[in-house]
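All remarks here apply to the structure that follows.
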Amino acid sequence: MRQWNKRTGQPKKKVMQDAIHNVSNSKDVTKHKRRYMPGLDGLRAIAVFAVIFYHFGFPWASGGLLGVSIFFVLSGYLITDILLNEWEKNGRISLKTFWLRRARRLLPALFFVLFVLFIWLILFRPDLIAHFRKDAVAAIFYVSNWWYIFYNVSYFDSFSNPSLLTHFWSLAVEEQFYLIWPLFLIIVLKFKKIRRHLFVITVFMALFSAVLMAFLYQPGTDPSRIYYGTDTRAFSILIGSALAMVWSGRKLTDSGRKWPIRFLDLAGVLAFILILILMMTSNEYDRFIYQGGMFLLSLASAAVIAACAHPSTWLGKFLGMKPLRWIGIRSYGMYLWQFPIIMLSMNNFDSGMPRFARFFVETALVIIVSTLSLQLIENPFRSGLVGRWFQSHFLKKPRRVRLRTTALTLSLLFLSLSCIIAWSQTRITAASGNVPAGSGESAISVQKHVPAEEHQEKSEQPYKNGDSSESKGQSQVARGETPRSSDSGHASGRKLEEESGQRVTAIGDSLMLDIKPYLEERFKKIEIQAKVGRQFTEAKSIVQSLNSQKKTGQVVIIELGTNGPVTMNQMHDLMETIDPKTRVILTTTRVPRPWEGEVNQTMRKSAGVFDNVRLADWYKESAGHPEYFAPDTIHLNETGSAVYANMLLRTVKSSQR
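Counting from 1, one number per residue, gives the positions in the sequence shown under full-length UniProt numbering.
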């Protein structure tokens, strides 16, 4: 562990304890030379590919979102190592130098991504510009995670989420760490009595953050709040920081005994295997990952980092192989580009393309764009080339020339931005209401960002057949649709089946929003309770509320399971709130997520267990019919919406017999 002289307050030269000394060389302790650790770049490559696999929806990478935790641990380790080594060398930490270094590293690529996406949206997707501009402001100020929490934007219902910048939440968490952590270290390191307990304090804060995540987690609900939160994700960064306090990568050399190296390798390999297992077996709704799983993965990541940081380990050399290292160097740019490229490609180019073909094409595009960004944007800033050019071509000029150049540059910039903003506004206006309903043009539905409280109130408002055409049109336009005419069922090429006069209550998620107009055409008396991202567990409280108002229909349709697993225990809880005389229609789901099989098994089993339950098997109905779906293969176009509504109507009729 790092130690400081109690009398002088300066760092001691011998800072590693005996166990650590066995695998390091104390002669190099005070050199403070920056040593490149290729294994860490390899670990970055693993992390960024895990995230990409997850966003592609591969079932064997359902826990790929845990790759972000690896990035957090790496950031905590490397940044803390830099700061503590600066303190040991100079007796101080320069905030200006640190923050400028971070800005040169992070901001150029970020602004490049935002600029390119903004121009792209103006040209091809003006319906998304309004939301993008707001999300971009949050991204620039590194508050995206709290922005999405406040506006109740789910990370896990990304296909209904209009933001192309949702993944920037993790950059916000890291940047908040970069702002707060150096200040914290400066304060702690100045007080000798507190300084001795820095490691313990850091570990305690990590434990507190992990416990807070476990405490705030509510099974069966969308976990986006604790997934985004700086307070509930800080433990990963702090675990990396704690490792840096006892295992400085800059002070490890090839010399030392063999048995500690072998132990490091064994621990690192086992930890790496554990990481892969967690990524392949967990998912975003798995209770375990929020109540200890992410903490365990962060500890495993720290073990892998400890092994990779040492130059003599086999694991460090394995992960430091040239292909992995090459990807790892580009991992920051790849992370920035992967989500918008996946989403925009899904919505414009690759409808019907096999998932693996999409993966290879879009990953190649991600790598190409991130490489261009690295060479043309990032490296010139990081190497100081831009700074040197600015100094020689501007700062060394006479004051009169500098003022004139500044005024001209600002004027041109203001004029350009004004033109771009004005143009984008005309594109937004032109695009308003011009996205065909259910056309499948976009898997990203356009929804207004509203604060969480308003979102809850608005999303719970029931849709009743017989609403005014004006309100119906407004609700569709809010989702980026144009109001359907009353004969839309015929327009889809599907026959409008005979209407049902029974009182029907329909509870569902974004798929229910897709089919809402078609249900209203087929059922004379229907009340639709639909909300984007809804979980199955929410159905119970909805039914209880309807029961208390005596508004529950003779038939209750439950279309849930798109956004998370459904268990038999949850089903029993729901059925206890429904009158046994009420007929219940359960639907299976078709969603490229790990819980698809579990949901469908629960629905089919429930149809056999409960006498008043009938099954509407959408999974079977839609098999072999890609023409029913929007490009995300989950939401429905006009044809699919009409087929789905007809299936429900037939099931309701058959339940009367």
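C-beta: ideal position from N, C-alpha, C; glycine also. Note that the structure is predicted; figures quoted are calculated from it, not measured.
Query raised in the report: Just checking my contact of residue 267 with residue 303 at CB under 8 angstroms: how many whole Å lie between their CB atoms?
Result: In this structure residue 267 is in contact with residue 303, their Cβ atoms being roughly 5 angstroms apart against a cut-off of 8 angstroms.
Report task. Excluding the 5 residues preceding and the 5 following residue 650 in the sequence, name in chain order all residues of the same chain whose CB lies nearer than 6 angstroms to its CB. Result -> none
Requested in this report: Could you spell out the range, first to last residue, of the beta strand (DSSP E) harbouring residue 614?
Outcome: 613–616 is the span of the beta strand (DSSP E), which, as asked, contains residue 614.
Query raised in the report: Can residue 264 be considered in contact with the ligand ATP, in the sense that its beta carbon sits closer than 6 angstroms to one or more heavy atoms?
Result: In the structure on display, the ligand ATP does not appear, and there are no ligands present to speak of.
Requested in this report: Report the rounded CA-to-CA distance for residue 154 versus residue 222, giving the unit in angstroms.
Outcome: 7 angstroms
Query raised in the report: Alpha carbon to alpha carbon, what distance is there between residue 38 and residue 138?
Result: 33 angstroms
Report task. Using the Cα positions of residue 566 and residue 599, report the straight-line distance between them to the nearest angstrom. Result -> In this structure, the alpha-carbon of residue 566 lies about 5 angstroms from that of residue 599.
Query - Beta-ladder partner(s) of residue 529, from DSSP - result: 507
Requested in this report: Report, in whole angstroms, the separation of the C-beta atoms of residue 228 and residue 145, which I expect to be a contact under 8 angstroms.
Outcome: 4 angstroms
Query raised in the report: What first and last residue would you give for the alpha helix (DSSP H) that runs through residue 117?
Result: 95–124
Requested in this report: Classify residue 502 as helix, strand or coil using the three-state DSSP reduction.
Outcome: strand
Query raised in the report: What is the DSSP secondary structure of residue 560, reduced to helix, strand or coil?
Result: coil
**Report entry** Residue range of the beta strand (DSSP E) that includes residue 586
**Finding:** Unbroken beta strand (DSSP E) run through residue 586: 583–587.
Query raised in the report: Based on Cα-Cα distance, which residue from 305, 245, 257 lies nearest to residue 269?
Result: 305
Query raised in the report: Apart from the five residues on each side of it in sequence, which residues of its chain come closer than 6 angstroms, Cβ to Cβ, to residue 366?
Result: By the criterion of a C-beta distance shorter than 6 angstroms, residue 366 is surrounded in its chain by 334, 337, 338, 341, once the five residues flanking it on both sides are discounted.
Query raised in the report: Considering only residues of the same chain and omitting the five flanking positions on each side of residue 114, which have a CB-CB separation below 6 angstroms?
Result: 136
Query - Spatial neighbours of residue 627 in its chain, beta-carbon cut-off 7 angstroms, leaving aside the 5 residues before and after - result: 639
Query raised in the report: Where does residue 319 fall in DSSP's three states?
Result: helix
Query raised in the report: Straight-line CA distance for residue 612 to residue 173?
Result: 49 angstroms
**Report entry** Buried/exposed call for residue 579, threshold 16 Cβ in 10 Å
**Finding:** exposed
Query raised in the report: In chain order, what residues of the same chain lie with their CB nearer than 7 angstroms to the CB of residue 373, ignoring the 5 residues before and after it?
Result: 109, 112, 333
Query - In DSSP terms, what residue 610 is bridged to - result: Its beta-bridge partners do not exist; DSSP assigns none.
Query - Sequence-distant residues of the same chain with beta carbon closer than 8 angstroms to residue 654, five excluded per side - result: 614
Query raised in the report: Secondary structure at residue 369, three-state DSSP: helix, strand or coil?
Result: helix
Query - Where residue 536 falls: helix, strand or coil (DSSP) - result: coil
Report task. Give the range of the alpha helix (DSSP H) segment to which residue 300 is assigned. Result -> 294–309
Report task. Report yes or no: do the segment 507–516 and the segment 567–577 share at least 3 C-beta pairs separated by less than 8 angstroms? Result -> no
Query - Residues bridged to residue 636 [DSSP beta-bridge criterion] - result: 629
Query - Straight-line gap, residue 67 to residue 331 (C-alpha atoms, nearest Å) - result: Per the coordinates, the alpha-carbon of residue 67 lies some 12 angstroms from the alpha-carbon of residue 331.
Report task. Using the Cα positions of residue 42 and residue 355, report the straight-line distance between them to the nearest angstrom. Result -> 25 angstroms
Query raised in the report: How about residue 611: is its C-beta nearer than 7 angstroms to some C-beta of chain D?
Result: Here there is only one protein chain, and chain D is not present.
Query raised in the report: In this structure, what does DSSP give as the bridge partners for residue 555?
Result: 504, 583.
Query - Simplified DSSP state of residue 37, which is helix, strand or coil - result: coil
Report task. Over the uninterrupted alpha helix (DSSP H) stretch that includes residue 260, give me the two end residues. Result -> 258–281
Requested in this report: Could you give the DSSP three-state label for residue 377: helix, strand or coil?
Outcome: helix
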